[in-house]
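**Student:** Got a structure here, written out as C-alpha cells. Questions coming.
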Ligand SMILES: [Fe+2]
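The following block contains the structure:
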C-alpha cells in the first residue's frame, strides 16, 4: 500500500469565520491564518491538518492522501495514468499553500476530488489546544473520511485495484424500516487505523458524509459533547461504540453541511494479520440517529 495516511483535508466554504469558530471552540484546534485569505486548523505537530479556503459553496473540496516519498508519489501517479484517470499537477502556489514538496489531484469514480502529496513541510511545533484537547494522529493520519458514491462497485474497485487500499469490512446499513439497506465499504491504507476512508451508497451535495477526528480519552469526548451543547451545534448521532473500529464517538453537524465524528479508542490494526468481515450492525450500543436538519 503506497498511500500511508489521510494527511490533510481541504474544505471549501463561502464563510471562513464559521470554521474558525467551530474549529477552535468546539473541536479544540488552533486556527492560523494562511496566505490569500485561507485558514489553517492545527491539531498536532504538523502546521495544519485542515485547510479552509473560500469557495462558492460549503464542501469537502479534497481529501489529501500522503505517500512516504517521491518514488511512491511517482508510482501512484503512474498507476492512475495507466488506469486512464486524468491527473492534474498541483501549482506552485497550491503546493506552498498545502506545505508539501509536490501534489497532484484527480477525480475518483464517485466524482470526488482527491489529492496525493509527499513530504509535508512544517515547523513541527508542539500543538497547544486553546481548550486543552489532545488529538490522536501520530502516524495514523488525521482521522477518516466517509464519502458518498452513486456507484459503490466501481468506486471500491478503483480504490482497491488502482489506489492499493485494502477492504477492512463491509456493512449493510438499514437507514429506515422498509427501505433496502445501503452498502458501506470501509477501506484502509498503510496506516493502522481500521479505516481511513469509507464509501456509502448515499448522495450528499457537500461531497462528504462525515470526517472523523480522534482524541485521547473518553473524558475529552464528554467535554466535546458539553461544548456541542454550549455552542448550539446540532448533535446528529448520540454517543455510541462502533463494531468495526471499536471507537466510542458521537456525530455532530459541522458548519460545512456534513458531519464530524468525534471519538476515542479507535483500534490500530496489523494488516499482515487481518481478516475482512461483514458486521450486521454498525454499533455495539448508542449512535442513535437524531436527524441532520
Ligand atoms: Fe466514522
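Numbering (our numbering), first residue to last: 408 to 700.
For each residue, glycine too, the CB sits at the ideal point set by N, CA and C.
Keep in mind that this is a model prediction, so the values were computed, not measured.
1. Find the nearest neighbour of residue 505 within the set 676, 519 and 417, judged by alpha-carbon distance.
2. When we look at the beta-carbon of residue 499 and count the other beta-carbons within 10 Å, is it buried (16 or more) or exposed?
3. Three or more C-beta pairs under 8 angstroms: does that hold for the segment 581-601 against the segment 483-495?
4. CA-CA distance, residue 635 and residue 583?
5. Listed by chain order, which residues have C-beta atoms less than 5 angstroms from any heavy atom of ligand 1?
6. Assuming residue 613 contacts residue 573 under a Cβ cut-off of 8 angstroms, what Cβ separation, rounded to an integer in Å, is found between them?
7. Could you check what DSSP says for residue 573 in three-state terms: helix, strand or coil?
8. Determine the closest residue to residue 596 out of 472, 442 and 522, with distance taken between C-alpha atoms.
9. Under the rule that 16 or more other beta-carbon atoms within 10 Å means buried, what is residue 587, buried or exposed?
10. Kindly indicate if chain D contains any beta-carbon less than 7 angstroms away from that of residue 419.
11. Return helix, strand or coil for residue 453, following the three-state DSSP convention.
**Tutor:** The relevant details are as follows:
1. What you label residue 505 is simply residue 98 of the chain shown in a count that begins at 1. Ranked by how close their Cα comes to the Cα of residue 505, the residues 676, 519 and 417 have 417 in first place.
2. Residue 499 sits at position 92 when you count from the first residue of the chain shown. Exposed is the call here.
3. Per the Cβ contact rule, the segment 581-601 is not in contact with the segment 483-495 (fewer than 3 Cβ pairs under 8 angstroms).
4. Within the chain shown, numbered from 1, the residue matching residue 635 stands at position 228. Within the chain shown, numbered from 1, the residue matching residue 583 stands at position 176. Roughly 26 angstroms separates the two Cα atoms.
5. Taking each Cβ in turn, the ones that pass are 619 and 668.
6. Position 206 of the chain shown holds residue 613. Position 166 of the chain shown holds residue 573. Taking 8 angstroms as the upper bound for CB-CB distance, residue 613 and residue 573 are not in contact here, some 27 angstroms apart.
7. Within the chain shown, numbered from 1, the residue matching residue 573 stands at position 166. In the structure shown, residue 573 sits in a strand (DSSP, three-state: E or B).
8. In the chain shown, residue 596 corresponds to position 189, counting from 1. Per the Cα distances, 472.
9. As a first step, residue 587 is located in the chain shown; it is residue number 180 there, counting from the start. Classification of residue 587: exposed, given that the 10 Å Cβ count is below 16.
10. Structure shown: chain D not included; a single protein chain is present.
11. Against the chain shown, residue 453 aligns to sequence position 46. Looking at residue 453 - three-state DSSP - the assignment turns out to be coil, as it is neither helix nor strand.
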